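Input: a single structure, listed below in structure tokens.
There are 2 protein chains.
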Amino acid sequence: MLDYTEHDLLAQVASMYYLEEMTQDAIAAQLGVSRIKVYRLLKQAREEQVIQFTINWPVQRAPEVEAQLCNVFHLREALVLRPSSPDRSHALARVGQLGARYLEQILRNDMVMTVCLGRSTYEVIHAVRPGFQGHVDVVQAVGSLALAAPELDSASLARELAAKLGGKAHYLTAPMVVDSVEAAEMLRSQRDIQRVLAMARRADVALLGVGNLDPATSEFTKGGYLSANELAQIRTAGGVGDMSGQIFTVDGLPYTGGFNERVIGLRLDDLRAIPTVMAIAIGEAKTKAILGALRTGVIDVFCTDLDTARAVLESAAQTRDALSIPNPSSNLRTNDGAV
Amino acid sequence: MLDYTEHDLLAQVASMYYLEEMTQDAIAAQLGVSRIKVYRLLKQAREEQVIQFTINWPVQRAPEVEAQLCNVFHLREALVLRPSSPDRSHALARVGQLGARYLEQILRNDMVMTVCLGRSTYEVIHAVRPGFQGHVDVVQAVGSLALAAPELDSASLARELAAKLGGKAHYLTAPMVVDSVEAAEMLRSQRDIQRVLAMARRADVALLGVGNLDPATSEFTKGGYLSANELAQIRTAGGVGDMSGQIFTVDGLPYTGGFNERVIGLRLDDLRAIPTVMAIAIGEAKTKAILGALRTGVIDVFCTDLDTARAVLESAAQTRDALSIPNPSSNLRTNDGAV
DNA sequence: ACAATGAATGTGCAAATGTTCATTCTAAGT
DNA sequence: ACTTAGAATGAACATTTGCACATTCATTGT
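Structure (structure tokens):
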């Protein structure tokens, strides 16, 4: 961590350069240091996120679709980004920003958050702006995964978010998945882990991504915890996606094929008890996974883009038709999502 | 205002330059435009605040002093910045940031804000980050002043803030001060002005600076509405400062020498009726003005730095001693500030 | 005491950026 | 159709920035 005077100097220099638009030479002269030093301070300021660049994407939301999602899946809030540019490269970053703004608005001093892992979660956390008034502690919701991209791990995410929210990070010092149920139980009985899990359960807000068990992209396979084969088996047995490492079926029921028990982290029931669970996911490839996730009844606030939202609603309607529930008006509260 | 595709382009370019750290040449090549165009888009992106630089100052507050201020002046909240660097040049910017974060936290969708003019107000508004979830309309609390720095005028401040909060700005199309009471009444009876003033009175949140009637720096003299002489007279007659153009005495009573009636804007009584009035002021030169301001009972939330806070508390204690109120423990609610 | 290691600082140059001015395009008026 | 004001563009140049490398400074081990 950065100590007060260092941090203050970085802030000072960054402010002069980026806000007052002074040249590095001018700053150097005023502070009585060499220009190259100013250059290095600026570099450090960016690295340490003492200065943050926030892009204000033009956000257009889709209130009709948001209302539909809320009705069909009993959500408290849905945030649907209406995309414009054909270029989809920034879609996740923009949805992340949408989620981050929502988060910023609901957080209050002394709340506790819990986060899991993944790119969606990362994007939200990254888009949260520092300078929060007050302190929010952040607890890891699941164990750590040896990932290709270490910044996407739940531990680093917890750290980054805690730094932005002026609170402490609490780490779950365990792997996300272990080899046997016994090993998992053993770990869970450890004092440290018990304490952190208990804290996570009492969190005010949880932030989750939805994984879709795709052998090509799943963090499970990348981390070496599941082979492509095992994943395929799980999918055959009805698993469609996961949140916080907990796999569920397309009906939103926990997967019973014996994987979830080996995960060290919050269970779906734990999540359901958290007052505000916010989930982010985009991509039509994730349609089934998202459908299952929304039906678990875990999610209170869901954040996505228009294409995904439409695909999910479409898919939900089809399933409903297949179950021959008559006339499912989107204005009536149906019971699909409840568990 | 910026239309969607323009805004999107600016965001795109800004993201490539500041986040992905591409050179202007590379961006130009990828988008198929000239480098110079990219340069201009970047410039525009900064001007329009499509990209924003947020400095993460290590903010240290002074809770003891905050509590004292709250007690002595019956404030709902006091925000006191504990300064570190001997360099005071950034003090106002940082106090502004402190105020802005507080604002961001209390604002809710569909609220209405009202703002006056001045550098302090400007700093707060400038530090408010765009991307607010929802809409907040902003109403001018006082008429416009022909200022040296037009960006400090209430009309431009209202515009900037409204843009950031995704709402409409409502302008009070009148000068701040007119030559006679009759002229003022005439103006106030105009439909337009009546409407806007009524709206300002019903605002949920007001943002004010505290002026100290210093001939050298007062916006009144700069705007040509008061000569240095007149100002001196007002000070002799007991006026110590102003908020929203309304002058008050060190006891927090409205100044009765006949200036306030010529101002087109919210009166102190109007302000007192607004649920949340936030005021910002720093500088030991403003001690007396701030003391009077706090005693008007108008202010709910006060934002300043440590030196100023101490000076004001000191000054308040002296006045109390002079009035020989015994044993003014700071833990007891005294009655100084009430009007 | 003396080398050795590594962090902090400075130099010089190539690359990137900002600015000015002339030119081209656009569109509205006569 | 021609003119003209004003915006958008681009070329050329001055300034600023980033970086590789050299140097100094402090610290630790022998």
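The listed protein sequences derive, respectively, from chains E and D. The opening position of the first sequence corresponds to residue 5 in my numbering, with each subsequent residue numbered one higher. The opening position of the second sequence corresponds to residue 5 in my numbering, with each subsequent residue numbered one higher. Don't be surprised by glycine CBs; every beta carbon is placed ideally from N, CA and C. Bear in mind that the values here come from a model prediction, so they are computed numbers and not experimental data.
- Taking the Cβ atom as the reference point for each residue, do alanine 210 of chain E and threonine 118 of chain E lie within a distance shorter than 8 angstroms? yes
- Message: With DSSP as the reference, identify every bridge partner of proline 179 of chain D, one or two as the case may be.
- Response: D:Ser148
- Message: Contact between the region 241–251 of chain E and the region 211–221 of chain E is defined here as three or more beta-carbon pairs at a separation below 8 angstroms; is this criterion met?
- Response: yes
- Item | Rounded distance between the beta-carbons of alanine 145 of chain E and serine 158 of chain E, thought under 8 angstroms | 7 angstroms
- From D:Thr260, D:Glu223 and D:Cys120, residue whose alpha carbon lies closest to that of glutamine 237 of chain D: D:Thr260
- Message: What are the residues in the region 34–58 of chain D lying within 8 angstroms of chain E by C-beta distance?
- Response: Gln53, Val54, Ile55, Gln56, Phe57 and Thr58
- Query: Which of the residues in the region 128–159 of chain D, read from start to end, lie with their CB under 7 angstroms from any CB of chain E?
  - Reply: Arg133, Pro134, Gly135 and Gln137
- Task: Throw me the rounded Cβ distance for the glutamine 109 of chain E and glutamine 137 of chain D pair, which I believe falls under 8 angstroms.
- Result: 5 angstroms
- Message: So the candidates are D:Gly122, D:Cys120 and D:Gly135; which of them puts its Cα closest to the Cα of arginine 112 of chain D?
- Response: D:Gly135
- Is the CB of arginine 105 of chain D under 8 angstroms away from at least one CB in chain E? yes
- Query: Under 8 angstroms between the Cβ atoms of methionine 203 of chain E and valine 116 of chain E?
  - Reply: yes
- Can you give the Cα-Cα distance for leucine 83 of chain E and glutamate 318 of chain D, rounded to whole angstroms? 50 angstroms
- Message: Give me the residue from E:Arg192, E:Arg133, E:Thr300 and E:Val99 with the minimum Cα distance to valine 182 of chain E.
- Response: E:Arg192
- Task: For glutamate 223 of chain D, count neighbouring C-beta atoms within 10 Å of its own C-beta (all shown protein chains included) and say buried if the count is 16 or more, exposed if not.
- Result: buried
- Query: Just reading off the alpha helix (DSSP H) that valine 37 of chain E is part of, what are its end residues?
  - Reply: From DSSP, valine 37 of chain E is part of no alpha helix (DSSP H); its letter is neither H nor E.
- Item | Positions along the region 211–236 of chain D whose CB lies within less than 9 angstroms of some CB in chain E | none
- Item | Environment of isoleucine 59 of chain E [buried if 16+ CB atoms lie within 10 Å] | buried
- For cysteine 307 of chain D, which residues does DSSP report across the bridge? D:Leu83 and D:Ile284
- Locate the alpha helix (DSSP H) running through threonine 125 of chain D, then write down its first and last residues. 123–131
- For asparagine 264 of chain D, decide whether its Cβ has a neighbour in chain E, counting only Cβ atoms nearer than 8 angstroms. no
- Query: In the structure shown, what three-state DSSP assignment does histidine 392 of chain D receive?
  - Reply: The question about residue 392 of chain D has no answer, for chain D in this structure spans 5 to 343.
- Item | Closest by C-alpha distance to glutamate 23 of chain E, when choosing among D:Met26, D:His94 and D:Ile31 | A small fix is needed here, since residue 23 of chain E is leucine in this sequence, not glutamate. Nearest C-alpha to leucine 23 of chain E: D:His94.
- Message: For a quick check, are the C-beta atoms of valine 305 of chain E and leucine 79 of chain E less than 8 angstroms apart?
- Response: yes
- Query: What is the rounded straight-line gap between the Cα of valine 42 of chain D and the Cα of aspartate 12 of chain D?
  - Reply: 14 angstroms
- Message: Under 8 angstroms, Cβ to Cβ, is there at least one residue of chain E near glutamine 109 of chain D?
- Response: yes
- Item | Alpha-carbon to alpha-carbon, arginine 299 of chain E and alanine 342 of chain E | For alanine 342 of chain E, the pLDDT reaches just 41, beneath the cut-off of 50, and the residue's location in the model is therefore unreliable, leaving the point undetermined.
- Item | chain D residues whose Cβ lies nearer than 7 angstroms to that of alanine 3 of chain E | Chain E is shown from 5 up to 343; residue 3 of chain E falls before or after that span and cannot be answered.
- Query: Which value, in whole angstroms, describes the spacing of the CA atoms of alanine 315 of chain E and valine 143 of chain E?
  - Reply: 33 angstroms
- Item | Minimum Cβ-Cβ distance from proline 62 of chain D to chain E less than 8 angstroms | yes
- Beta-carbon proximity check, leucine 310 of chain D vs leucine 73 of chain D, cutoff 8 angstroms: no
- With 16 as the cutoff for other CB atoms within 10 Å, does proline 179 of chain D come out buried or exposed? buried
- Item | leucine 186 of chain D versus aspartate 274 of chain D: straight-line alpha-carbon distance, rounded | The amino acid occupying residue 186 of chain D in the given sequence is glutamate; leucine does not appear at that position. Spanning the two alpha carbons is a distance of roughly 20 angstroms.
- How is the alpha helix (DSSP H) around threonine 9 of chain D delimited, first residue to last? 8–18
- Looking at the C-beta of leucine 272 of chain D, does it have a partner C-beta in chain E at a distance below 8 angstroms? no
- Item | Start-to-end residues for the alpha helix (DSSP H) that takes in aspartate 274 of chain E | 272–276
- Does the Cβ of arginine 133 of chain D have 16 or more other Cβ atoms within 10 Å, making it buried, or fewer, making it exposed? buried
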